Amino acid sequence: MLNGEPWPLEAPLTVAELLVKLGLDTRKIAVECNEELVPRSRYGETWLKEGDAVEIVHFIGGG
Amino acid sequence: MENATLEKTVTPAPEPDDTWILAGRRFRSRLIVGTGKYKDFEQTAAAIEASGAEIVTVAVRRVNLSDPSAPMLQDYVDPKRYTYLPNTAGCHTAKDAVRTLRLAREAGGWNLVKLEVLGPPPTLYPDMQATLEAAAALIADGFEVMVYCADDPVAAKRLEEMGCVAIMPLGAPIGSGLGIQNPAMLSMLIEQAKVPVLVDAGVGTASDAAIAMELGCDAVLLNSAIAMAKDPIRMARAMRAAVEAGRLAYLAGRMPRRMGADPSSPLTGLIRR
Chain X
-18 MLNGEPWPLE
-8 APLTVAELLV
2 KLGLDTRKIA
12 VECNEELVPR
22 SRYGETWLKE
32 GDAVEIVHFI
42 GGG
Chain B
184 MENATLEKTV
194 TPAPEPDDTW
204 ILAGRRFRSR
214 LIVGTGKYKD
224 FEQTAAAIEA
234 SGAEIVTVAV
244 RRVNLSDPSA
254 PMLQDYVDPK
264 RYTYLPNTAG
274 CHTAKDAVRT
284 LRLAREAGGW
294 NLVKLEVLGP
304 PPTLYPDMQA
314 TLEAAAALIA
324 DGFEVMVYCA
334 DDPVAAKRLE
344 EMGCVAIMPL
354 GAPIGSGLGI
364 QNPAMLSMLI
374 EQAKVPVLVD
384 AGVGTASDAA
394 IAMELGCDAV
404 LLNSAIAMAK
414 DPIRMARAMR
424 AAVEAGRLAY
434 LAGRMPRRMG
444 ADPSSPLTGL
454 IRR
């Protein structure tokens, strides 16, 4: 699951590879996997597996 | 010529030294503004500029994966110029609030955060039990927590003793614009506090912000009052002026209230028939 939507995982993938695939600027976002924060320094070594729930967030306007 | 002279004489004296300290950082503006509910990012940026705010609140939400190149808030409101204060708006449990702020810290690198854990609509009143729980977890994790809370002096004291860096009681429910509903309790809360107290939520128009500042608040936090005004940029200027006016009035010390009249002109020397 990716941001609450089903997302097919075709081959093993790291968080870093996922972000490249999605075309996201890693400087402005944060990533959580199964409700645990994935620190930026560990994107390259964090492998995603079937059934993982990934959240990718950024800042938007709010009060 | 006469007008020019008059303008010169009535310009109020600036108060260059009237700054306030939040979590060890010094700020001049006593107005913190939200960045939500604006028509577009251009309007957001212009209103913030007009408000004179140095701190802006921001929300943390899922990235829109269908359009990863969409413009972002940071492109319009520079995090190097403004202190970003990530909030936990929309969080109804302590767990969600803590998760959200850990993500915010990773995305932006900021420890200074605004915690709010809300009860259900229609009041969205602060859930104080969950707020206390989340505050404890965040402080243990190294966050500097500014906390949205009820106008409850007992809970506020507890939050302060836990180590929250600012106490932020509501003036009225979020987005209601109902103004300062409990000034007496806010005054008592301000009196006992040893950390900055901000009125957060409820301000509807400039006079509400002035009232909050006249009570002795260190600053005011608002969003809808500016963003939902017909002319947000002009209202941002109004809020800036109101916060300054309220602060000056607080420092000046208001005259005592009295029942009945007391003439301003001397009663002696009146002409008589």
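Heads up: the protein sequence lines correspond to chains X and B, in order. All residue numbers for the first sequence refer to my numbering, where the first residue is -18 and numbers rise by one. All residue numbers for the second sequence refer to my numbering, where the first residue is 184 and numbers rise by one. Positions of the beta carbon are idealized from the N, C-alpha and C atoms, including for glycine. The structure presented is a predicted model; accordingly, all values stated were derived computationally and were not measured.
Original post:
SER22 of chain X: which of X:ALA(-3), X:ALA(-8), X:TRP(-12), X:GLY42 sits nearest, CA to CA?
Top reply: X:ALA(-3)
Original post:
Which chain B residues are close to ASP20 of chain X, counting only those with a beta carbon under 7 Å from its beta carbon?
Top reply: Inspection of the sequence shows that residue 20 of chain X is occupied by Pro rather than by Asp. In chain order: GLU289.
Original post:
Is the number of C-beta pairs between the segment 282 to 289 of chain B and the segment 1 to 13 of chain X that are closer than 8 Å three or more?
Top reply: yes
Original post:
Which of helix, strand or coil does DSSP assign to ARG21 of chain X?
Top reply: helix
Original post:
Whose C-beta lies closer than 6 Å to the C-beta of VAL35 of chain X among residues of the same chain, with five residues either side of it excluded?
Top reply: LEU(-17), CYS14
**OP:** Specify the secondary structure class of GLY42 of chain X as computed by DSSP and reduced to three states.
**Re:** strand
Original post:
Can you list, in chain order, the residues of its chain whose CB lies under 6 Å from that of ALA392 of chain B, leaving out five sequence neighbours each side?
Top reply: VAL386, VAL403, MET422, ALA425, VAL426
**OP:** Could you spell out the range, first to last residue, of the beta strand (DSSP E) harbouring ARG208 of chain B?
**Re:** 208 to 210
Original post:
My guess is that ARG420 of chain B and ALA233 of chain B are in contact by the Cβ rule of under 8 Å, so how many angstroms apart are they, rounded?
Top reply: 5 Å
Subject >> Reference VAL330 of chain B; option with closest CA among B:ASP201, B:MET438, B:LEU205 >> reply: B:LEU205
Subject >> Span of the beta strand (DSSP E), counted from its first residue to its last, around VAL380 of chain B >> reply: VAL380 of chain B -> no beta strand (DSSP E), and no H or E assigned at all.
Subject >> The alpha helix (DSSP H) enclosing ILE204 of chain B, as first and last residue numbers >> reply: That residue, ILE204 of chain B, is in no alpha helix (DSSP H); its beta strand (DSSP E) goes 203 to 205.
Original post:
Along chain B, which residues have their Cβ under 8 Å away from the Cβ of LYS2 of chain X?
Top reply: What LYS2 of chain X touches in chain B: nothing, since even the nearest Cβ is about 10 Å away.
Original post:
Would you call the CB atoms of VAL19 of chain X and THR27 of chain X closer than 7 Å?
Top reply: yes
Original post:
Going by Cα to Cα distance, which pick from B:TRP203, B:ALA228, B:SER212 is closest to ALA410 of chain B?
Top reply: B:ALA228
Subject >> LEU431 of chain B - DSSP class collapsed to helix/strand/coil >> reply: helix
Original post:
From which residue to which residue does the alpha helix (DSSP H) around ALA395 of chain B run?
Top reply: 389 to 397
Original post:
Would you call the segment 246 to 261 of chain B and the segment 437 to 446 of chain B in contact, with 3 or more CB pairs under 8 Å?
Top reply: no
Original post:
Leaving out the 5 sequence neighbours to the left and right, which residues in its chain are closer than 8 Å to GLU185 of chain B when beta-carbon positions are compared?
Top reply: Bear in mind that a pLDDT of 49 at GLU185 of chain B, under 50, signals an unreliable position, so the number given afterwards is only what the model happens to contain. Here the set comprises nothing.
Subject >> Selection from B:ASP310, B:VAL328, B:GLN312, B:ALA313 that minimises the alpha carbon distance to LEU298 of chain B >> reply: B:VAL328
**OP:** Counting only the same chain and skipping the five closest in sequence on each side, list residues whose C-beta sits under 6 Å from that of GLY235 of chain B.
**Re:** SER212, ARG423
**OP:** Could you spell out where the beta strand (DSSP E) holding THR266 of chain B opens and where it closes?
**Re:** 266 to 269
**OP:** Express the C-alpha separation of LEU353 of chain B and GLU316 of chain B in angstroms, rounding to a whole number.
**Re:** 19 Å
Original post:
Just curious, the beta strand (DSSP E) that GLY217 of chain B is in, first and last residue?
Top reply: 214 to 217
Original post:
Who are the Cβ neighbours of LYS2 of chain X in its own chain at under 8 Å, not counting the five residues just before and after it?
Top reply: LEU(-6)
**OP:** Taking only beta carbons into account, state which residues of the segment 5 to 17 of chain X come closer than 7 Å to chain B, listed in chain order.
**Re:** LEU5, LYS9, ILE10, ALA11, GLU13, GLU16
**OP:** Indicate the three-state DSSP secondary structure (helix, strand or coil) for ALA318 of chain B in the structure shown.
**Re:** helix
Subject >> Test item: CB-CB of VAL300 of chain B and VAL38 of chain X under 7 Å >> reply: no
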